[in-house]
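**Q** Quick one: the structure is below, and I'll ask about it shortly.
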């Protein structure tokens, strides 16, 4: 797309469609399960902030367009927004239905594999798409950690906070912001976090097994971040 003189390239309506889809999902949750004002507030806040950030990222992106894989990731993002609304409603006193929360999270996890496949099949892989995908994953893990903390213990919050702590540390230590090499192990560990937290959220495994499952996920995450930090330290300039 060629911009007219002095004007920015138009951004495709992906973020706006996502915001609309988020409202539809929240409405369905409200009608079917009594989402409540706290859930609505959390869901709308998530939708507005994610749409604003995505719009800004699209305008800065060299491609300046919304690809087919990005559309899949956007669908995942709206599901994460609905999970966020359910968790917020649960914390606000409206008990979330575990089966519903787990169903939404499971679909989001499945689509995590689909968007990468679509990007490769359509030759539309991009830095923006990869970052968008990673942020959606990270937020889902954070929200599920918050949901499980009251039942399993506050230590579960470490899983959701670790990536954000890593990013925050990068502001103080610039060498942590260097580009990491691709790693299948890193991707597997990230997937394990979502799977373990979602399985524990179903509330069918029993407390001992849930503690073991989530504890192992945390141990893997600590190993993965530790490995990356050690690599960044070795190659720092």
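In my numbering, the protein residues as written are 1093 to 1329. Idealized CB from N, CA, C, for every residue including glycine. The structure presented is a predicted model; accordingly, all values stated were derived computationally and were not measured.
#1: Quick check on DSSP: helix, strand or coil for residue 1183?
#2: If you reduce the DSSP assignment to three classes, tell me which class residue 1252 lands in.
#3: Taking 8 Å as the cut-off, decide whether the C-beta atoms of residue 1146 and residue 1224 are in contact.
#4: Between the region 1259-1266 and the region 1206-1218, do at least 3 Cβ pairs fall closer than 8 Å?
#5: Could you say which of 1278, 1144 and 1329 lies nearest to residue 1312 if we only look at CA atoms?
#6: CB-CB under 8 Å to residue 1408, same chain, minus the five flanking residues each way: which ones, in chain order?
#7: Using only alpha-carbon positions, find the residue among 1118, 1220 and 1149 that is nearest to residue 1173.
#8: Could you please give the first and the last residue of the uninterrupted alpha helix (DSSP H) stretch that includes residue 1135?
#9: Look up residue 1225 in the DSSP assignment and say whether it is helix, strand or coil.
#10: For residue 1218, name the three-state secondary structure that DSSP assigns.
#11: If we count Cβ pairs, one from each stretch, closer than 8 Å, do we get three or more for the region 1112-1127 versus the region 1172-1191?
#12: Report back the beta-carbon spacing between residue 1128 and residue 1186 to the nearest angstrom; my notes put them in contact at under 8 Å.
#13: Using beta-carbon positions only, say whether residue 1152 and residue 1204 come within less than 8 Å of one another.
#14: What are the boundary residues of the alpha helix (DSSP H) that includes residue 1212?
#15: For the putative contact between residue 1285 and residue 1233, defined by C-beta atoms under 8 Å, what is the C-beta separation to the nearest angstrom?
#16: Please list, in chain order, all residues of the same chain as residue 1216 whose beta carbon is under 7 Å from its beta carbon, the five residues on each side excluded.
#17: Residues in its own chain within less than 7 Å of residue 1282 by CB, not counting five upstream and five downstream?
#18: Would residue 1240 pass as a contact of residue 1293 if the rule is Cβ separation under 8 Å?
#19: Residue 1131: which of 1108, 1189, 1144 and 1213 sits nearest, CA to CA?
#20: Nearer than 7 Å: is that true of the beta carbon of residue 1322 relative to any heavy atom of the ligand FAD?
#21: Quick one, which of 1247, 1272 and 1183 has its alpha-carbon nearest residue 1309's?
#22: By DSSP, does residue 1291 sit in helix, in strand, or in coil?
#23: Is the beta carbon of residue 1270 closer than 8 Å to that of residue 1327?
#24: May I ask you to report which of helix, strand or coil DSSP gives residue 1297?
**A** This is what the structure holds:
#1: Reduced to three states, the DSSP call for residue 1183 is helix.
#2: helix
#3: Result yes, Cβ atoms of residue 1146 and residue 1224 sit closer than 8 Å.
#4: no
#5: 1278
#6: Residue 1408 falls outside the range modelled here, since the chain spans only 1093 to 1329, and no answer is possible.
#7: Considering only alpha carbons, the answer is 1118.
#8: 1128-1152
#9: helix
#10: The answer is coil: DSSP assigns residue 1218 none of H, G, I, E or B.
#11: yes
#12: That belief holds up - the Cβ atoms of residue 1128 and residue 1186 are roughly 4 Å apart, short of 8 Å.
#13: no
#14: 1190-1213
#15: 5 Å
#16: Residues of the same chain with a CB within less than 7 Å of the CB of residue 1216, apart from the 5 flanking positions on each side, are 1159, 1160 and 1161 in chain order.
#17: 1229
#18: yes
#19: 1189
#20: For the ligand FAD, the structure offers nothing, since it holds no ligand at all.
#21: 1247
#22: helix
#23: Contact: yes.
#24: If DSSP states are grouped into helix, strand and coil, residue 1297 belongs with coil.
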